[in-house]
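K.L.:
Let me give you the structure first, and then I'll get to my questions.
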Amino acid sequence: SQTIHQWPATLVQPVGSPLSLECTVEGTSNPNLYWYRQAAGRGLQLLFYSVGIGQISSEVPQNLSASRPQDRQFILSSKKLLLSDSGFYLCAWSAGNEKLFFGSGTQLSVL
Amino acid sequence: SQELEQSPQSLIVQEGKNLTINCTSSKTLYGLYWYKQKYGEGLIFLMMLQKGGEEKSHEKITAKLDEKKQQSSLHITASQPSHAGIYLCGADNQGAQKLVFGQGTRLTINP
């Protein structure tokens, strides 16, 4: 069966520090991968979308970047965190046009 | 861009009571998804609706999509503590599961 792993679960980082969140999917090949952010008062927003290795689509302008170095690995990064980057980050995968399967999320607090 | 508005934003009901959550779209819905989220966790898929007038049920939860495909409702019968959480509707009008989500409805069940 397919599983999605996301880590860390919580992260507290100072402003200006770098960020790396990792997400891996098991039990499927060539998944579509997604990074969403859930910020207080702003709902769940799609940040990045990937259909394959090295293929990243940025959905909103921001301080973050994403990379997909392997078929089932999706990484969310930042060189310098801002206070506004705080939020709950969710990785998800789908098989084409089927429903999204979400990871357990990372709560990021930038102080 | 498409926007989804959920109502109410929060809901407190007595255990055993019925309740309804609404999701209204600014554009015609071609794929409407309902997810449930426990606080601080990932999203769990509940149901997906595509056709006007469609209705689906799972256990005590029923979701409907209106004939005009611009509004969906989620109805819970005889609510239980396990139903507590945040319910989100999502729309897929771009294809490839790039879902736009509503703000969510926080449901609390009082014993």
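The listed protein sequences correspond, in order, to chains G and A.
Residues in the first sequence are numbered from 1227 upward in steps of one, following our numbering.
Residues in the second sequence are numbered from 44 upward in steps of one, following our numbering.
Every residue, glycine too, gets a C-beta built ideally from N, C-alpha and C.
1) Only counting the same chain, and skipping five residues up and downstream in sequence, which positions put a Cβ closer than 8 angstroms to that of residue 1255(G)?
2) CA-CA distance, residue 119(A) and residue 106(A)?
3) In the DSSP assignment, the beta strand (DSSP E) including residue 1269(G) goes from what residue to what residue?
4) Rank 121(A), 144(A) and 141(A) by C-alpha distance to the C-alpha of residue 102(A) and give the top, closest one.
5) If you compare alpha carbons, which of 1232(G), 1324(G), 1260(G) and 1251(G) is closest to residue 1284(G)?
6) List, in chain order, every chain G residue whose beta-carbon is nearer than 8 angstroms to that of residue 76(A).
7) Using the Cα positions of residue 1282(G) and residue 60(A), report the straight-line distance between them to the nearest angstrom.
8) Ordered along the chain, which non-local residues of its own chain (more than five positions away) have a Cβ less than 7 angstroms from that of residue 134(A)?
9) Who are the neighbours of residue 1333(G) on chain A, taking C-beta pairs under 8 angstroms?
10) Could you compute how far the alpha carbon of residue 91(A) sits from the alpha carbon of residue 1325(G)?
11) Give the secondary structure of residue 72(A) by DSSP, where H, G and I count as helix, E and B as strand, and everything else as coil.
12) Run through chain A and tell me which residues come within less than 7 angstroms of residue 1330(G), C-beta to C-beta.
13) First and last residue of the beta strand (DSSP E) that includes residue 1313(G)?
14) Taking the beta carbon of residue 1336(G) as the centre, do at least 16 other beta carbons fall within 10 Å, making it buried, or is it exposed?
15) Starting from the C-beta of residue 53(A), find all residues in its chain whose C-beta is less than 6 angstroms away, skip the five residues before and the five after it, and write them out in chain order.
16) Name the chain G residues whose beta carbon is nearer than 9 angstroms to that of residue 138(A)?
17) Name the DSSP beta bridge partners of residue 1338(G), please?
18) Give the straight-line distance between the Cα atoms of residue 1269(G) and residue 1332(G), rounded to the nearest whole angstrom.
19) Name the two residues that bound the continuous beta strand (DSSP E) containing residue 120(A).
20) Using CA atoms only, rank isn't needed, just tell me which of 77(A), 49(A), 80(A) and 81(A) is closest to residue 66(A).
21) Could you check what DSSP says for residue 1337(G) in three-state terms: helix, strand or coil?
22) In three-state terms, what does DSSP make of residue 1326(G)?
P.N.:
This is what the structure holds:
1) Locating residue 1255(G) in the first sequence gives position 29, counting from the first residue. Within the same chain, and ignoring the five residues on either side of residue 1255(G) in sequence, the residues whose Cβ sits closer than 8 angstroms to its Cβ are 1297 and 1298.
2) Sequence index remark: in the second sequence, residue 119(A) carries index 76 (1-based). Sequence index remark: in the second sequence, residue 106(A) carries index 63 (1-based). Cα atoms of residue 119(A) and residue 106(A): separation of roughly 9 angstroms, rounded to the nearest angstrom.
3) Stepping through the first sequence from its first residue, residue 1269(G) is reached at position 43. 1269-1278 is the span of the beta strand (DSSP E), which, as asked, contains residue 1269(G).
4) By 1-based counting over the second sequence, the position of residue 102(A) is 59. For residue 102(A), the nearest C-alpha among the options comes from 121(A).
5) Position 58 of the first sequence holds residue 1284(G). Cα-wise, what sits closest to residue 1284(G) is 1260(G).
6) Reading the second sequence from its first residue, position 33 is the one you call residue 76(A). The contacting residues are 1325 and 1326.
7) By 1-based counting over the first sequence, the position of residue 1282(G) is 56. By 1-based counting over the second sequence, the position of residue 60(A) is 17. So the alpha carbons of these two residues sit roughly 46 angstroms apart.
8) One-based indexing of the second sequence puts residue 134(A) at position 91. Result list for residue 134(A): 45, 47, 68, 72, 74, 75, 142 and 143, in chain order.
9) Within the first sequence, residue 1333(G) is the residue found at index 107, counting from 1. Per Cβ cutoff of 8 angstroms: 83.
10) As a position in the second sequence, residue 91(A) is number 48, starting the count at 1. As a position in the first sequence, residue 1325(G) is number 99, starting the count at 1. Cα-Cα distance, rounded: 8 angstroms.
11) Position 29 of the second sequence holds residue 72(A). Looking at residue 72(A) - three-state DSSP - the assignment turns out to be coil, as it is neither helix nor strand.
12) Here residue 1330(G) is taken as the residue at index 104 of the first sequence, counted from 1. Simply 84 and 85.
13) Position 87 of the first sequence, counting from 1, holds the residue named residue 1313(G). 1313-1320 is the extent of the beta strand (DSSP E) around residue 1313(G).
14) Residue numbering aside, residue 1336(G) sits at position 110 when the first sequence is read from its first letter. Classification for residue 1336(G): buried.
15) For the purposes of this step, residue 53(A) is taken as the residue at position 10 of the second sequence. Same-chain partners within the cutoff: 149.
16) Within the second sequence, the letter at position 95 stands for residue 138(A). Simply 1323.
17) Because chain G here runs from 1227 to 1337, residue 1338(G) falls outside it and cannot be looked at.
18) As a working note, residue 1269(G) is residue 43 in the first sequence. As a working note, residue 1332(G) is residue 106 in the first sequence. For residue 1269(G) and residue 1332(G), the gap between their C-alpha atoms comes out near 15 angstroms.
19) As a position in the second sequence, residue 120(A) is number 77, starting the count at 1. Segment: none, residue 120(A) is in no beta strand (DSSP E) and carries neither H nor E.
20) If you number the second sequence from 1, residue 66(A) lands on position 23. Residue 49(A) is the option with its Cα nearest to residue 66(A).
21) Counted from its first residue, the first sequence places residue 1337(G) at position 111. Residue 1337(G): coil per DSSP, three-state reduction.
22) Locating residue 1326(G) in the first sequence gives position 100, counting from the first residue. The answer is coil: DSSP assigns residue 1326(G) none of H, G, I, E or B.
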